[in-house]
Amino acid sequence: MKAGRYVVWLIHGLFSYPVLQPLARYFRNQRMIRPLLITSKFVLCLHVPLCRLLVYKSGIGFLGGALAKGLSSWLCASPNIYDNLFNTTCHHGCIKITLCVQ
13 MKAGRYVVWL IHGLFSYPVL QPLARYFRNQ RMIRPLLITS KFVLCLHVPL
63 CRLLVYKSGI GFLGGALAKG LSSWLCASPN IYDNLFNTTC HHGCIKITLC
113 VQ
């Protein structure tokens, strides 16, 4: 019963992975590791207090762990999206990811 509730609370975090994984592969292929490293360190520093806050302080218990996992996944994907769209250092050599299909 509790495992089912935990899995339901994990669902919103699943939507960040189809966004984050292609971006991570793109940055690795373009040899731009620094954005991945910075966002990973930033999210790690935020995840521990966030998880502690949601699990112990908020009163929702183990569901707070699932919520913290999803929020941390989106916190890792969001700066990478922004960096890909508005990065000015690689306008000449890098191929930008777009949503246009031609």
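For what it's worth, the numbering used here labels the leading residue of the sequence shown as 13, then goes sequentially. All residues carry an ideal CB built from backbone N, CA and C; glycine is no exception. Note that the structure is predicted; figures quoted are calculated from it, not measured.
| Check | Outcome |
| --- | --- |
| Is it buried or exposed for residue 80, if we count other Cβ within 10 angstroms and need 16 for buried? | buried |
| If we count the other Cβ atoms within 10 Å of its Cβ and call it buried at 16 or more, is residue 55 buried or exposed? | buried |
| State the CB to CB distance for the pair residue 62 and residue 84, rounded to an integer number of angstroms; the pair is presumed to be in contact (CB under 8 Å). | 7 Å |
| Nearest-angstrom Cα distance between residue 67 and residue 74? | 6 Å |
| Between the alpha carbons of residue 82 and residue 58, how many angstroms are there, rounded? | 13 Å |
| For residue 32, is the classification buried or exposed, using 16 other Cβ atoms within 10 angstroms of its Cβ as the cut-off for buried? | buried |
| Just to confirm before moving on: does the CB-CB distance between residue 78 and residue 21 stay below 8 Å? | yes |
| Which residue marks the beginning of the alpha helix (DSSP H) containing residue 96, and which one marks its end? | 74-98 |
| State the DSSP-derived secondary structure class of residue 70, mapped to helix, strand or coil. | coil |
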